[in-house]
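Shown next, in structure tokens, is the structure this report addresses.
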Amino acid sequence: MSTKNNPTITEKMAMLRDITAWFDSDEFVIEQATGKFAEAEKLARDIEQDLAHAKNDITVLKQKFDQAA
Amino acid sequence: MENELPNLPTFSVSDLIASVNQTFEYAYPTLEVTGEVASFKVNQGKFVFFDLKDAGGSVGCFMMVWQLRVPIEDGMRVVVQATPKLTQWGKFSLTVQSVRPSGEGDLRKSFELLKRKLELEGLFAPERKRPLPEMPQHIGVISSTQAAGYADFIKILGDRWGGIRVDVAQVQVQGRDAPDQMIRAINYFNEQAELPEVIVIIRGGGSADDLAAFNDELLVREIAASRIPTLVGVGHETDESLADLAADVRAATPSNAAQLLVPDRRQLIAMSRQLVAALLPRMERVLDDSRVQVRLLMAQAIDQAEIRITTAIDQLAVMQRYIAELNPAQVLVRGYAIMRGEATPGAAIVVETIDTIITAEVTHVDQK
Numbered sequence: 028m029s030t031k032n033n034p035t036i037t038e039k040m041a042m043l044r045d046i047t048a049w050f051d052s053d054e055f056v057i058e059q060a061t062g063k064f065a066e067a068e069k070l071a072r073d074i075e076q077d078l079a080h081a082k083n084d085i086t087v088l089k090q091k092f093d094q095a096a
Numbered sequence: 012m013e014n015e016l017p018n019l020p021t022f023s024v025s026d027l028i029a030s031v032n033q034t035f036e037y038a039y040p041t042l043e044v045t046g047e048v049a050s051f052k053v054n055q056g057k058f059v060f061f062d063l064k065d066a067g068g069s070v071g072c073f074m075m076v077w078q079l080r081v082p083i084e085d086g087m088r089v090v091v092q093a094t095p096k097l098t099q100w101g102k103f104s105l106t107v108q109s110v111r112p113s114g115e116g117d118l119r120k121s122f123e124l125l126k127r128k129l130e131l132e133g134l135f136a137p138e139r140k141r142p143l144p145e146m147p148q149h150i151g152v153i154s155s156t157q158a159a160g161y162a163d164f165i166k167i168l169g170d171r172w173g174g175i176r177v178d179v180a181q182v183q184v185q186g187r188d189a190p191d192q193m194i195r196a197i198n199y200f201n202e203q204a205e206l207p208e209v210i211v212i213i214r215g216g217g218s219a220d221d222l223a224a225f226n227d228e229l230l231v232r233e234i235a236a237s238r239i240p241t242l243v244g245v246g247h248e249t250d251e252s253l254a255d256l257a258a259d260v261r262a263a264t265p266s267n268a269a270q271l272l273v274p275d276r277r278q279l280i281a282m283s284r285q286l287v288a289a290l291l292p293r294m295e296r297v298l299d300d301s302r303v304q305v306r307l308l309m310a311q312a313i314d315q316a317e318i319r320i321t322t323a324i325d326q327l328a329v330m331q332r333y334i335a336e337l338n339p340a341q342v343l344v345r346g347y348a349i350m351r352g353e354a355t356p357g358a359a360i361v362v363e364t365i366d367t368i369i370t371a372e373v374t375h376v377d378q379k
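So the sequence lines, in the order shown, correspond to chains L and G.
The number in my numbering is simply the position in the first sequence, starting from 1, with 27 added.
The number in my numbering is simply the position in the second sequence, starting from 1, with 11 added.
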């Protein structure tokens with residue numbers, strides 16, 4: 028589950044796409060471009076690390092389905 | 012002599028029927044009988060009657076309509092699971108708990124009958140299909156953990172993606188109990204406070220009979236009615252089940268289900284790198300554009316300055332010419348003279364020409 032300070036991979040991908048879109052948008056300001064670029068680089072690194080190490084959490088349910096409840 | 016007969020059992024009719032049923036119950040609590048369906052009919056929408064026959068005989072069968080999970084019709088060969096019973100009118104019949112087509116041809120026929128029926132109801136309509144979440148974080152899996160298809164799915168899922176909560180409902184995926192178990196699992200997931208984002212139903216390959224559970228009418232309806240989007244990957248690519256058709260997304264195999272469910276982490280890493288790499292030329296382009304703009308503005312400023320300087324120089328030249336014309340020396344050049352002194356008779360005056368200075372005396376003065 029994501030929190031504001033601990034976004035999920037999906038959220039990080041969305042943030043990276045937002046930054047990319049910012050470069051093509053009317054909101055682009057040259058003074059902020061370097062900062063935004065650094066932010067994008069960091070997000071890409073984080074995504075790579077998250078993906079490389081993430082494992083699925085598999086739980087076989089204790090609930091039995093062989094009889095009607 | 013009559014009294015010498017051994018003690019024969021004596022029954023009332025009711026007792027005899029009860030005793031025969033008791034014997035049946037002891038000898039064959041449940042049995043399976045194969046035969047051809049004849050005189051199939053449904054009464055009052057609730058009661059199903061048909062005969063099961065072969066070359067040597069025929070037996071009446073009775074079941075409730077809700078127990079009939081696959082469509083049957085006269086002429087189909089089926090296997091019924093039933094309890095033998097002698098009715099109170101002395102008629103022998105089978106009380107059927109389940110019926111399934113027997114043999115590939117009849118399985119196919121039953122499949123086509125149900126497919127047509129559900130198709131007409133719109134259960135397989137493309138407009139009912141919902142998209143799967145792009146990167147699900149919580150999924151519900153319905154399968155047998157012993158099945159090869161399950162292992163394939165879990166492996167491919169782990170290779171491609173991570174960080175997913177996978178809740179697995181362990182059920183039978185083959186046999187008489189399989190449809191009900193899968194239905195209960197679908198209901199279970201649909202009733203959770205924290206709903207999975209997708210339900211995945213998987214099973215590896217098998218014979219048509221092995222996969223028959225996925226053509227069960229109630230299961231197919233449950234899949235179509237699930238409020239959680241469904242992904243079904245059963246058997247091999249060539250196998251088509253009604254569960255496949257009712258699902259929001261059909262996967263060709265369990266491995267394919269994992270491929271459809273999550274992106275490949277390697278592709279995503281490459282994509283995020285590409286997104287950042289694509290920013291570099293954009294940054295350069297923006298800087299280049301700025302440089303060009305600055306140069307253009309500088310050139311414009313220089314042009315403007317030059318124009319102003321030229322104008323000022325021209326104005327200065329005009330002023331210089333004007334000032335020059337006011338210079339008294341210029342008047343002398345044109346032949347005029349400057350007279351200094353008082354214009355009164357007897358007074359001395361000085362007359363300056365271009366090249367002389369004359370001192371003279373005023374002899375008389377006339378008014379013009």
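By construction, the Cβ of each residue, glycine as well, lies at the ideal position given by its N, Cα and C atoms.
The structure displayed is predicted, hence computed values, not measured ones.
With 8 Å as the threshold, decide whether the Cβ of Leu308 (chain G) is near any Cβ in chain L. no
Is Asn83 (chain L) close to chain G, meaning its C-beta is less than 8 Å from at least one C-beta of that chain? yes
In chain G, which residues lie less than 8 Å from Glu75 (chain L) when you measure between Cβ atoms? Ile280, Ser283, Arg284
Counting only runs that start and end within the stretch 121–204 of chain G, where is the alpha helix (DSSP H) found for 4 or more residues in a row? 159–171, 189–201
Who are the Cβ neighbours of Pro144 (chain G) in its own chain at under 8 Å, not counting the five residues just before and after it? Glu208, Val209, Pro240
Compare the C-beta of Met40 (chain L) with all C-beta atoms of chain G and state if any pair is closer than 8 Å. yes
Between the stretch 148–168 of chain G and the stretch 268–286 of chain G, do three or more beta carbon pairs fall short of 8 Å? yes
CB Phe385 (chain G) to CB Asn54 (chain G), shorter than 8 Å? The first residue shown for chain G is 12 and the last is 379, placing residue 385 (chain G) beyond what the model contains.
Taking 8 Å as the cut-off, decide whether the C-beta atoms of Tyr39 (chain G) and Pro82 (chain G) are in contact. no
For Asp93 (chain L), would you say it is in contact with chain B, using Cβ-to-Cβ distances shorter than 8 Å as the test? Considering every chain present, this structure includes no chain B. Its protein chains are L and G.
Starting from Leu63 (chain G), follow its DSSP beta bridges and name the residues at the other end. G:Val48, G:Val70
Cβ neighbours of Arg372 (chain G) in the same chain (closer than 8 Å, five flanking residues each side left out): In the sequence under discussion, the amino acid at residue 372 (chain G) is Glu, which differs from the Arg named in the question. Gly357, Ala358, Ala359, Ile360.
Listed in chain order, which residues of the stretch 154–165 of chain G have Cβ atoms closer than 9 Å to some Cβ of chain L? Thr156, Ile165
In the stretch 175–194 of chain G, which residues sit with their C-beta less than 8 Å from some C-beta in chain L, listed in chain order? Ile175, Arg176, Val177, Asp178, Val179, Ala180, Gln181, Val182, Gln183, Asp188, Asp191, Gln192, Met193
According to a CB-to-CB cut-off of less than 9 Å, which residues of the stretch 42–61 of chain L neighbour chain G? Leu43, Arg44, Ile46, Thr47, Phe50, Asp51, Phe55, Ile57, Ala60, Thr61
May I have the straight-line CA-CA distance separating Pro233 (chain G) from Leu242 (chain G), to the nearest angstrom? It should be noted that the sequence gives Glu, not Pro, for residue 233 (chain G). Taking the straight line from one Cα to the other gives about 13 Å.
Tell me whether Met12 (chain G) sits in a helix, a strand or coil according to DSSP, three-state version. Confidence at Met12 (chain G) is low in this model, with a pLDDT of 46, below 50, so its placement is unreliable and the value that follows should be read with caution. Residue state, collapsed to three classes: coil.
For Leu290 (chain G), count neighbouring C-beta atoms within 10 Å of its own C-beta (all shown protein chains included) and say buried if the count is 16 or more, exposed if not. buried
Just to confirm my understanding: we take Ile175 (chain G), look at its own chain, exclude 5 residues before and 5 after, and list those with CB closer than 8 Å. What are they? Pro147, Gln148, His149, Ile150, Leu168, Val273
Closest to Glu295 (chain G) by C-alpha separation, out of L:Ala60, L:Gln94, L:Asn33, L:Leu70, would be which residue? L:Ala60
Am I right that Val70 (chain G) and Ser104 (chain G) are in contact with their C-beta atoms under 8 Å? What's the rounded C-beta distance? 7 Å
Quick check: what's the CA-CA separation for Val24 (chain G) versus Gln33 (chain G)? 14 Å
Looking at the unbroken alpha helix (DSSP H) that takes in Ala289 (chain G), where does it start and where does it end? 276–337
Quick one: what's Asn18 (chain G) bridged to in DSSP? Answer is none; Asn18 (chain G) lacks a bridge partner.
Rounded straight-line distance, which links the Cα of Ala223 (chain G) to that of Ile280 (chain G): 41 Å
Does the beta-carbon distance from Met87 (chain G) to Lys120 (chain G) come in below 8 Å? yes
May I have a chain-ordered list of the alpha helix (DSSP H) segments no shorter than 4 residues that lie completely inside the stretch 225–285 of chain G? 228–236, 253–257, 265–272
In or out: Gly215 (chain G) buried (at least 16 other Cβ within 10 Å) or exposed? buried
Measuring straight from C-alpha to C-alpha, what distance separates Arg141 (chain G) and Phe225 (chain G)? 20 Å
Please look up how many angstroms separate the CB atoms of Gln90 (chain L) and Ala29 (chain G), rounded, as I've assumed it's under 8 Å. Not a contact, Cβ separation roughly 41 Å.
Test: Glu130 (chain L) CB closer than 8 Å to a CB of chain G: The structure shown has nothing for residue 130 (chain L), since chain L only spans 28 to 96.
Output the boundary residues of the beta strand (DSSP E) element that contains Gln78 (chain G). Run containing Gln78 (chain G): none; DSSP gives neither H nor E here.
For Ala65 (chain L), decide whether its Cβ has a neighbour in chain G, counting only Cβ atoms nearer than 8 Å. no
Could you list the residues in the stretch 296–330 of chain G with a C-beta less than 7 Å from some C-beta on chain L, going in chain order? Val297, Ser301
So that I know if they touch, is there some Cβ in chain L lying closer than 8 Å to that of Leu143 (chain G)? no
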